[in-house]
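Student: In full-length UniProt numbering, the protein residues as written are 1 to 155. Glycine residues also receive a C-beta, built at the ideal position from the N, C-alpha and C atoms. Please read these numbers as outputs of a predicted model, since none were measured by experiment. My structure is below; once you've seen it, I'll send some questions.
Here it is as structure tokens:
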């Protein structure tokens, strides 16, 4: 449920990011209002102009820094970076609230069970149901033709 006066919704995205998301934007458009009016002030151009209106002083050179003698004597070393053994990860580490996609679920074509495929399936088919002498596919259909060169046309 979207509460436009309080700028809240049940999914809490409107509260956290202060930007109306798709469901809040749908409600705003249905009542004939402008979505830009419901975006928080911190995202608007006027607030950025006000923010950078004053002078921002840069940092002085490190030689001009005022440091106590105890801090000048202290040397901070670069942390040691250890490279892990093995192949690097190809996928990013997911946050706890992210769910895995439904496309990654495996289904076995032999027993129609989930979580494994036909290679590791422990369900065995009875021998009488499989006729080894008949072939359902023609071998010549499955064979691939050699690729031709795009430039000269030879294989």
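Between the C-alpha atoms of residue 50 and residue 105, what's the straight-line distance to the nearest angstrom?
Tutor: Their Cα atoms are separated by approximately 51 Å.
Student: Which residues mark the beginning and the end of the alpha helix (DSSP H) in which residue 27 is found?
Tutor: Run containing residue 27: 22-30, per the alpha helix (DSSP H) assignment.
Student: State the DSSP-derived secondary structure class of residue 111, mapped to helix, strand or coil.
Tutor: Correct three-state label for residue 111: coil.
Student: If residue 39 sits next to residue 20, beta carbons under 8 Å apart, how far is it from one beta carbon to the other, in whole angstroms?
Tutor: Yes, they are in contact, since the Cβ atoms of residue 39 and residue 20 sit about 7 Å apart, within 8 Å.
Student: Compute the beta-carbon to beta-carbon distance between residue 123 and residue 110, rounded to the nearest angstrom, for a pair I have assumed lies under 8 Å.
Tutor: So it is a contact: roughly 6 Å between Cβ atoms.
Student: Take the Cβ of residue 97 as the centre, count every other Cβ of all protein chains shown within 10 Å, and call the residue buried at 16 or more, exposed below.
Tutor: Label assigned to residue 97: exposed.
Student: With a Cβ-Cβ cutoff of 8 Å, do residue 9 and residue 24 count as a contact?
Tutor: Closer than 8 Å, so yes.
Student: Report the partner residues of residue 9 according to the DSSP bridge assignment.
Tutor: In the DSSP output, where bridge partners are listed per residue, residue 9 has 2.
Student: If you measure between the beta carbons of residue 2 and residue 27, is that distance less than 8 Å?
Tutor: Taking 8 Å as the Cβ cut-off, residue 2 and residue 27 qualify as a contacting pair.
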